[in-house]
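So the structure is just underneath, and the comments pick up after that.
Number of protein chains: 2
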Amino acid sequence: MAKERVTVVDIARAAGVSKSTVSLVLQGSALVNEATRAKVNTAIRELGYVYNRSAANLRQARSKIIGIVVNDLTNSFFAELAVGVDAVVQSAGFVQFLANTGEKSERQREVIASMREHGVSGLIISPARGTEAADLAPLVASGIPVVLVVRDIAEAGVSSLTSDNHAGAMAAVRHLIERGHRRIAFLGGFPDTAVFEARMRGYRDALREAGMPALDELVIGSAPSRAGGVTAVEQAMMLKERPTAALCFNDAVAFGVCDGLRARRLEPGADFAVIGFDDVIEAKTAVPALTTVSVDPQGMGERAADLLLRQITAGRAEAESIISPVRLVVRQSCGGTVERRVKEISS
Amino acid sequence: MAKERVTVVDIARAAGVSKSTVSLVLQGSALVNEATRAKVNTAIRELGYVYNRSAANLRQARSKIIGIVVNDLTNSFFAELAVGVDAVVQSAGFVQFLANTGEKSERQREVIASMREHGVSGLIISPARGTEAADLAPLVASGIPVVLVVRDIAEAGVSSLTSDNHAGAMAAVRHLIERGHRRIAFLGGFPDTAVFEARMRGYRDALREAGMPALDELVIGSAPSRAGGVTAVEQAMMLKERPTAALCFNDAVAFGVCDGLRARRLEPGADFAVIGFDDVIEAKTAVPALTTVSVDPQGMGERAADLLLRQITAGRAEAESIISPVRLVVRQSCGGTVERRVKEISS
DNA sequence: TGACGAAATTGGAACGTTCCAATTATTAAG
DNA sequence: CTTAATAATTGGAACGTTCCAATTTCGTCA
Chain P
1 MAKERVTVVD IARAAGVSKS TVSLVLQGSA LVNEATRAKV NTAIRELGYV YNRSAANLRQ
61 ARSKIIGIVV NDLTNSFFAE LAVGVDAVVQ SAGFVQFLAN TGEKSERQRE VIASMREHGV
121 SGLIISPARG TEAADLAPLV ASGIPVVLVV RDIAEAGVSS LTSDNHAGAM AAVRHLIERG
181 HRRIAFLGGF PDTAVFEARM RGYRDALREA GMPALDELVI GSAPSRAGGV TAVEQAMMLK
241 ERPTAALCFN DAVAFGVCDG LRARRLEPGA DFAVIGFDDV IEAKTAVPAL TTVSVDPQGM
301 GERAADLLLR QITAGRAEAE SIISPVRLVV RQSCGGTVER RVKEISS
Chain E
1 MAKERVTVVD IARAAGVSKS TVSLVLQGSA LVNEATRAKV NTAIRELGYV YNRSAANLRQ
61 ARSKIIGIVV NDLTNSFFAE LAVGVDAVVQ SAGFVQFLAN TGEKSERQRE VIASMREHGV
121 SGLIISPARG TEAADLAPLV ASGIPVVLVV RDIAEAGVSS LTSDNHAGAM AAVRHLIERG
181 HRRIAFLGGF PDTAVFEARM RGYRDALREA GMPALDELVI GSAPSRAGGV TAVEQAMMLK
241 ERPTAALCFN DAVAFGVCDG LRARRLEPGA DFAVIGFDDV IEAKTAVPAL TTVSVDPQGM
301 GERAADLLLR QITAGRAEAE SIISPVRLVV RQSCGGTVER RVKEISS
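Just so you know, the sequences run in chain order P and E.
Under UniProt numbering, the first residue of the first sequence is numbered 1, with each subsequent residue one higher.
Under UniProt numbering, the first residue of the second sequence is numbered 1, with each subsequent residue one higher.
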């Protein structure tokens, strides 16, 4: 059943040319005559030839594979990011090697090693929690282009693409203040991450700017998941002076917060304002539609891929840190009016 | 910056042995003396050697890569499936090549071709909508082990792993009937898919079994997404005789149905019973927690990977079709009592 | 017709590994 | 102390491609 491998030599023989010519055809070289190209192509089709990239790879170091490693594929933010990367990488004739680390740095080490062994010509990494510059040192020393997404590691000295977490959080909190909220909580997320730090700083700065105190009791960490949101809001509602609004670490937490509110017979939007972060695909269709800081995960994936491809083709480029702008998308979960609701849904 | 490649010969020279011995060490052969092994290993570490899989691959046809192609990575069902596959594949020393087709069969063709070029030694495929046996024919003819997941294509003659959609749908509808519902809708999903067909048949059979009519107007297709669920329930509520309960095509649709109900000021669970399908991770924490037919996507990924690995090691095994059992997980969205709710959440 | 340049084609040496058969070192038995 | 058996090690030929330099083919022009 498993047939003999068909190689370029077989094609060459069948088409009556040399293997060099076949190779030229395979690479789409302009040097080869139209008639011969046709002959070769029919031979390829007839014999069911499949190109052997391992062999090609061995000869010419550049590989047409890029690797992408994410810390949590079950979070739809990262799934969408991967889809964005895939789109541009694919159209550039590359193929994507995707691995999930599940936030485990041990696992991350393994998958990065494995990708290097497979000769990826570039890597997009959303680092696992607690990844340090030292963990990436051997990788960057090898000279293969790397771009970090979502979480930057400044000392690593590689390109990065992050979102403007600070500005986004500020915009969200300003909006809540404008609506008259005076006790605003920051819910969810692991406090020991850079992203948490940035968003929380934006939250604090916006409060300070409005001359309001930034109280520690209103900052409640949790797992950055739906379940984490439930527990965080429960904790917030135990306070003697309850908040009336919350900026959440991300959309998953925000959905969890809505769930937790409902469990207490509070209607998100009407009784308590909630704002998320990321603008995942469900944010728009949820009820109430989630007000959130839009990060456009898919777009970020695309930009990261562009950046990486640019570095791959340009050889070793300077490391650049791109901070991608974000925008507040006001929907219903922070108490939108009916008119605004109609506008958002129809758009 | 980009250093010279370190190869086995360099290691051999540094350790004072032959390249053959280094190769033996690399493969963990028992033939090599403990002392030499140690020498070689330190040399490997000191020179920062990275194994070149392309070269290895070229020599020995079997590759340690398995490919997984899914039709919609942004659907968390498939993301979880991929995570399950990854887990077992990784621990077997394989690495996973993941591609997303976005339901486009053109794209599917491309990624499968690309994977073959990279010499994957097996493939797990969740076929794009409308994939036919003919599309897979060249692949299966090549003798590469393939296992189809989620959507079976009987004529393709390859192994498959699907869930018992018919039985699951029946169980769900029986449950609704027991609770006294008499007008039960089937909402969401593309009617031209095998999965839809099976779930819908289960729905019909359960109605028939109870001596109830299966009305066409109560079967409303839509995109199998949250947004699709919203539109499907809207349409259902336009009927002169409204349903009081629905079995949804999948959990995403079910969440959308809940959203749509809320938009009409109906409380899912209390005012209208909804049951989903798949049991994605959010089903448990949503409010109300979603009653659903549990398919355990991650477990399915694991089983699919096991099946594939077995076929890879065993050479060409007989194609087997596994239908994995499902079970109804009763939570709140179909009108659970308070006691039951407490039990579920604490578990 | 011959010479010339351009266009098209080609043989063979890489690339870094594995595998085989052959060799050498070590141990056990006589 | 030899011999046989076993344990370790080794050179060299693959694997299927690309790339270089060299060659052949062809059309054009003097």
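The beta-carbon is built from N, C-alpha and C at its ideal position, and this holds for glycine as well.
Residues bridged to residue i (per DSSP)
| i | result |
| --- | --- |
| Arg327 (chain E) | E:Ser294 |
| Pro268 (chain P) | P:Phe272 |
| Val147 (chain E) | E:Ile124 and E:Ser159 |
| Phe277 (chain E) | E:Val293 |
| Gly67 (chain E) | E:Phe97 and E:Leu123 |
| Cys248 (chain P) | P:Leu187 |
| Ile322 (chain E) | E:Leu161 |
Cβ shell of residue i (< 7 Å), same chain only, five flanking positions each side left out
| i | result |
| --- | --- |
| Ile312 (chain P) | Ser121, Gly122 and Pro145 |
| Leu98 (chain E) | Ile68 and Ala82 |
| Arg174 (chain E) | Ala206 |
| Ile11 (chain E) | Val22, Val40, Ala43, Ile44, Leu47 and Tyr49 |
| Tyr203 (chain P) | Ala169, Val173, Phe186 and Leu247 |
| Arg201 (chain E) | His166 |
| Ala198 (chain P) | Asn165 and His166 |
Contacts of residue i in chain E (Cβ-Cβ under 9 Å)
| i | result |
| --- | --- |
| Glu320 (chain P) | Residues of chain E passing the Cβ test: none, with the nearest at roughly 17 Å. |
Neighbour list for residue i in chain E, Cβ cutoff strictly below 7 Å
| i | result |
| --- | --- |
| Asn250 (chain P) | Those within 7 Å of Asn250 (chain P) in chain E number zero; the least Cβ separation is about 14 Å. |
| Gly256 (chain P) | Thr285 |
Neighbour list for residue i in chain P, Cβ cutoff strictly below 7 Å
| i | result |
| --- | --- |
| Asn100 (chain E) | Val83 and Asp86 |
| Glu80 (chain E) | Thr74 |
Residues near residue i in its chain [Cβ-Cβ closer than 6 Å; skip 5 each side]
| i | result |
| --- | --- |
| Arg341 (chain P) | With a pLDDT of 35 at Arg341 (chain P), under the threshold of 50, the modelled position of that residue is not reliable, and the figure given next carries that caveat. Gln332. |
| Lys343 (chain E) | Caution applies to Lys343 (chain E), whose pLDDT of 33 falls short of 50 and renders its modelled position unreliable; the value that the coordinates give is listed next. Answer for Lys343 (chain E): no residue qualifies. |
| Asn71 (chain E) | Thr101, Glu103, Ser126 and Ala128 |
| Phe249 (chain E) | Gly188, Gly189 and Pro224 |
| Ile322 (chain E) | Leu161 |
| Pro325 (chain E) | Asp164 |
| Ala283 (chain P) | Asp251, Leu290 and Thr292 |
| Pro191 (chain P) | Gly221 |
| Asp152 (chain E) | Ser160 and Thr162 |
| Ser18 (chain E) | Ala12 |
| Ile65 (chain P) | Val95, Phe97 and Val120 |
| Val89 (chain E) | Ile66, Gln96 and Ala305 |
| Ala171 (chain E) | Leu328 |
| Val111 (chain E) | Val69 and Ala99 |
| Val150 (chain E) | Ser126 |
Cross-chain neighbours of residue i in chain E, by beta carbon under 8 Å
| i | result |
| --- | --- |
| Pro191 (chain P) | In chain order: nothing, as chain E lies at least about 22 Å away. |
| Pro138 (chain P) | Gly48 |
Within chain P, the residues that residue i reaches when beta carbons sit closer than 9 Å
| i | result |
| --- | --- |
| Gln235 (chain E) | Those within 9 Å of Gln235 (chain E) in chain P number zero; the least Cβ separation is about 16 Å. |
Proximal chain P residues relative to residue i, where beta-carbon distance stays under 8 Å
| i | result |
| --- | --- |
| Ser114 (chain E) | Val95 |
Beta-carbon proximity list for residue i, same chain, < 8 Å, skipping 5 on both sides
| i | result |
| --- | --- |
| Arg183 (chain P) | Leu218, Glu241, Arg242, Pro243, Thr244 and Ala245 |
| Val257 (chain E) | Leu187, Gly188, Gly229, Val230, Ala232, Val233, Ala246, Cys248, Pro268 and Val274 |
Can you give me, in chain order, the residues of the region 258-288 of chain E that have a beta carbon less than 7 Å from any beta carbon in chain P? Listed by position, the residues of the region 258-288 of chain E near chain P (Cβ gap below 7 Å) are Asp259, Arg262, Ala263, Ile281, Glu282, Thr285, Ala286 and Val287.
For the UniProt domain "HTH lacI-type" (6-60) of chain P, which residues have a beta carbon sitting closer than 8 Å to at least one beta carbon of chain E? Gly48, Val50, Tyr51, Asn52, Arg53, Ser54, Ala55, Asn57 and Leu58
Between the region 116-128 of chain P and chain E, which residues of the former have a C-beta closer than 9 Å to a C-beta of the latter? Arg116, Glu117, His118 and Gly119
Secondary structure, alpha helix (DSSP H): runs of 4+ residues fully inside the region 157-222 of chain E: 165-178 and 194-209
Any alpha helix (DSSP H) of 4 or more consecutive residues that is wholly inside the region 91-133 of chain E: 105-117
Beta strand (DSSP E) runs wholly inside the region 3-91 of chain E, at least 3 long, in chain order: 65-70
So if I threshold CB-CB distances at 9 Å, which residues from the region 215-240 of chain P count as touching chain E? Ser225, Arg226, Ala227, Gly229 and Val230
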